[in-house]
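Data block below; observations after.
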Amino acid sequence: MNANVLAQIQSTLKTLGVKADENEIYAKINAKKLKLIWLHFSECTGCSESFIRSENIGLDDLIFDFIDLVYHETYMAASGFLAEDLLNINEPFLLVVEGAISEASYYTGGAPAHSAMHKLKELASRASCVYAIGSCSSYGGIQAAKPNPTNSISIEDILKDAVLIPGCPPSESNIIASILHYAFFDKAPLLDENNRPAFAYSKCLHDMCERKIAFESGDFVETFGDEAAKNGACLFKVGCKGPYTFNNCPKTKFNAKTSWPVQAGHGCIACSERDFWDGYGIYEQALASSYAQTKRARNYESLERFNKSDEVIVKDDGIYVNNELLAYLEYESQNHAELLNKNKLGAKLLNNYKDKFNLSLEAESKIDNTFSGILKACSNILGLDLSLNELLDMANKYEIGIASGLDFKLAKKPILIDVTKSFRLVLIYRLGGLDEIAILFGVVDSIASMIAKSLKMLECKSVKFEGDLFKHEILIDRLNYHLKGF
7 MNANVLAQIQ
17 STLKTLGVKA
27 DENEIYAKIN
37 AKKLKLIWLH
47 FSECTGCSES
57 FIRSENIGLD
67 DLIFDFIDLV
77 YHETYMAASG
87 FLAEDLLNIN
97 EPFLLVVEGA
107 ISEASYYTGG
117 APAHSAMHKL
127 KELASRASCV
137 YAIGSCSSYG
147 GIQAAKPNPT
157 NSISIEDILK
167 DAVLIPGCPP
177 SESNIIASIL
187 HYAFFDKAPL
197 LDENNRPAFA
207 YSKCLHDMCE
217 RKIAFESGDF
227 VETFGDEAAK
237 NGACLFKVGC
247 KGPYTFNNCP
257 KTKFNAKTSW
267 PVQAGHGCIA
277 CSERDFWDGY
287 GIYEQALASS
297 YAQTKRARNY
307 ESLERFNKSD
317 EVIVKDDGIY
327 VNNELLAYLE
337 YESQNHAELL
347 NKNKLGAKLL
357 NNYKDKFNLS
367 LEAESKIDNT
377 FSGILKACSN
387 ILGLDLSLNE
397 LLDMANKYEI
407 GIASGLDFKL
417 AKKPILIDVT
427 KSFRLVLIYR
437 LGGLDEIAIL
447 FGVVDSIASM
457 IAKSLKMLEC
467 KSVKFEGDLF
477 KHEILIDRLN
487 YHLKGF
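Taking the working numbering, the leading residue of the sequence shown gets 7, the next gets one more, and so forth.
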């Protein structure tokens with residue numbers, strides 16, 4: 007046995023988070039290698055560039071020890087009709103697609119000059135599995151940005167069961183580990199609800215970021231290259247979209263684990279998220295409605311359709327099942343500062359907020375144990391003297407579909423909804439450059455999400471909403487969004 011290959015198998019299994027017998031895998035790939043066909047459509051070849059920059063398994067190791075790379079327009083020696091002949095194989099193969107599908111008038115490929123659609127459908131019909139590598143193939147990519155002159159679409163638009171490995175580009179670790187999982191086990195890795203490998207895309211990038219401590223204390227870079235930037239402050243205010251992104255970039259990094267964007271001094275642009283080019287505002291500014299290319303979809307369909315009986319009722323103070331309160335809020339404090347000043351980070355955050363906005367949160371302020379109480383508490387933190395309806399109206403002005411949410415915690419049944427630590431995010435978001443509209447939208451969206459999750463935990467099949475709070479358009483919209491499939 008080749009000790010180097012065994013070590014590479016072990017390393018890949020560790021990346022995947024899978025336990026298996028490396029000796030059995032060694033014997034399998036030694037007996038018959040996975041055949042792989044890699045197609046290029048409308049893209050920049052950045053995913054292929056990433057693919058060959060592995061620290062652990064280089065391209066030479068891959069093609070000699072692990073896979074049979076039958077076709078790859080950048081790396082293969084064959085050209086013209088000889089290259090096309092390579093596609094006529096009668097054995098099982100994994101199809102990898104890099105790039106979006108553009109109209110035939112903008113893309114033809116290979117000696118026969120077939121359209122991208124023709125080539126994809128013909129090979130996908132014979133492939134054992136299809137991997138969409140990169141955000142162009144997964145979601146359409148930059149070329150699909152408005153006004154989308156080439157009418158580019160994603161692989162997902164054509165093949166609903168394709169495995170998506172988004173990123174611009176994805177890290178070499180995520181690409182290779184996903185391919186080798188198929189080589190090892192004849193199937194794709196465990197996928198998340200968006201058809202992405204869970205080992206790579208199940209966790210929020212922000213939670214793994216080395217600058218998260220600075221985020222929590224409200225220490226932000228104001229302009230690139232300032233003293234805060236040199237001292238490792240958070241990049242949220244200059245556009246980092248890490249809190250909205252699910253990827254393992256801080257862990258895997260790029261170019262043989264050399265670095266990743268935030269380490270290099272630029273914020274994450276959410277490049278592995280759907281519609282990041284139009285849906286996440288300006289790259290180097292915090293989210294604000296004025297920067298939205300893709301406007302937030304609104305759904306004001308009546309919530310009455312969720313009520314098949316009156317057993318479950320959501321009111322302002324919680325969720326009642328057969329008149330018993332089974333999901334409720336409970337928190338006590340003399341003022342907002344008391345909720346936040348629990349540790350050094352909280353104390354620093356409070357000081358930064360006071361210095362920046364000249365707002366003290368130490369005045370007496372009663373916080374009601376209600377959903378509307380959460381909104382009112384947040385408005386007090388923001389220094390807004392508005393009625394509940396005015397706050398909801400303001401939240402409804404938000405145009406971007408991405409919410410800057412609060413991290414509420416839900417205990418087990420009966421459900422205690424813990425919002426105590428979440429109020430810190432209102433201060434953080436304000437210091438980080440979000441306006442009041444974006445923050446209030448995030449609060450309302452979080453309330454709707456919290457209600458939907460509680461109903462799921464309670465295994466409710468029907469629900470009725472009572473009270474003026476749930477008659478407002480913004481609550482109706484966000485509940486419709488979070489109760490999809492209810």
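Where is the CB? At the ideal position from N, CA and C, for every residue including glycine.
Everything numeric in this text was worked out from a predicted model, so none of it was measured.
Across which residues does DSSP place residue i in a beta bridge pair?
| i | result |
| --- | --- |
| T114 | S121 |
| L332 | L332 is not bridged to any residue. |
| G324 | K321 and Y334 |
| L40 | I73 |
| K415 | D424 |
| V102 | W44 and Y137 |
| C240 | F226 |
| F252 | C210 |
| F260 | S265 |
Thinking C-beta only, is residue j closer than 8 Å to residue i?
| i | j | result |
| --- | --- | --- |
| L241 | G285 | no |
| L433 | Y359 | yes |
| V327 | I380 | no |
| S141 | C277 | yes |
| E49 | G105 | yes |
| L75 | L101 | no |
| L412 | F226 | no |
| G324 | L309 | no |
| S223 | I443 | no |
| D451 | T376 | no |
| I63 | Q14 | yes |
| D71 | V11 | yes |
| K382 | L367 | no |
| F47 | A122 | yes |
| V320 | V425 | no |
| S410 | L390 | no |
| M456 | I423 | yes |
| T298 | I406 | Reading off the sequence shown, one finds Ala at residue 298, where the question assumed Thr. Result yes, Cβ atoms of A298 and I406 sit closer than 8 Å. |
| F429 | L351 | no |
| I107 | S158 | yes |
| S460 | L416 | yes |
| I35 | A151 | no |
| S179 | T51 | no |
| L332 | L464 | yes |
| S143 | V103 | yes |
Give the DSSP-derived three-state secondary structure of residue i in the structure shown.
| i | result |
| --- | --- |
| S366 | coil |
| E310 | helix |
| S265 | strand |
| I421 | strand |
| F471 | strand |
| G285 | helix |
| Y137 | strand |
| A276 | coil |
| V384 | At residue 384 the sequence reads Cys, which differs from the Val that was named. Correct three-state label for C384: helix. |
| K477 | helix |
| V24 | coil |
| C142 | helix |
| C466 | coil |
| I107 | strand |
| F492 | coil |
| L126 | helix |
| D391 | coil |
| S453 | With the sequence shown as reference, residue 453 is identified as Ile, and Ser is not the correct amino acid for it. Helix, per DSSP. |
| I373 | coil |
| N349 | coil |
| T300 | coil |
| Y404 | coil |
| T18 | helix |
| E442 | helix |
| G231 | coil |
Counting only beta-carbon separations shorter than 8 Å, does residue i have a partner in chain D?
| i | result |
| --- | --- |
| T229 | The structure shown has no chain D; it contains just one protein chain. |
Please determine whether the Cβ atom of residue i lies at a distance below 7 Å from any heavy atom of the ligand COA.
| i | result |
| --- | --- |
| I319 | With respect to small molecules bound, the structure shown includes none, and the ligand COA cannot be examined in it. |
Ordered list of beta strand (DSSP E) runs contained in the segment 147 to 209, each at least 3 residues: 169 to 171, all fully within the segment 147 to 209.
Cβ pair count under 8 Å reaching 3, the segment 252 to 264 against the segment 203 to 222: Output reads yes: the segment 203 to 222 touches the segment 252 to 264.
Touching by the beta-carbon criterion (3+ pairs, under 8 Å), the segment 161 to 175 and the segment 81 to 88: No contact exists between the segment 161 to 175 and the segment 81 to 88.
Segments of 4+ residues assigned as alpha helix (DSSP H) that fall wholly inside the segment 53 to 100: Given a length threshold of 4 residues, each whole run of the alpha helix (DSSP H) inside the segment 53 to 100 is given here in chain order: 86 to 91.
Contact the segment 126 to 144 vs the segment 167 to 182: 3+ CB pairs below 8 Å: Touching, per the Cβ criterion.
Segment contact flag, the segment 124 to 137 with the segment 147 to 160, C-beta cutoff 8 Å, min 3 pairs: With the cut-off at 8 Å, the segment 124 to 137 and the segment 147 to 160 do not touch.
Three-pair Cβ contact test at 8 Å for the segment 188 to 205 versus the segment 229 to 248: No, the segment 188 to 205 is not in contact with the segment 229 to 248.
Validate contact between the segment 468 to 482 and the segment 398 to 408 using beta carbons, cut 8 Å, 3 pairs: Counting C-beta pairs with one atom in each stretch, the segment 468 to 482 and the segment 398 to 408 have three or more that are closer than 8 Å, which means they touch.
contact_flag[the segment 213 to 222, the segment 183 to 190] where n(CB pairs < 8 Å) is 3 or more: No, because fewer than three Cβ pairs between the segment 213 to 222 and the segment 183 to 190 fall closer than 8 Å, the two stretches do not touch.
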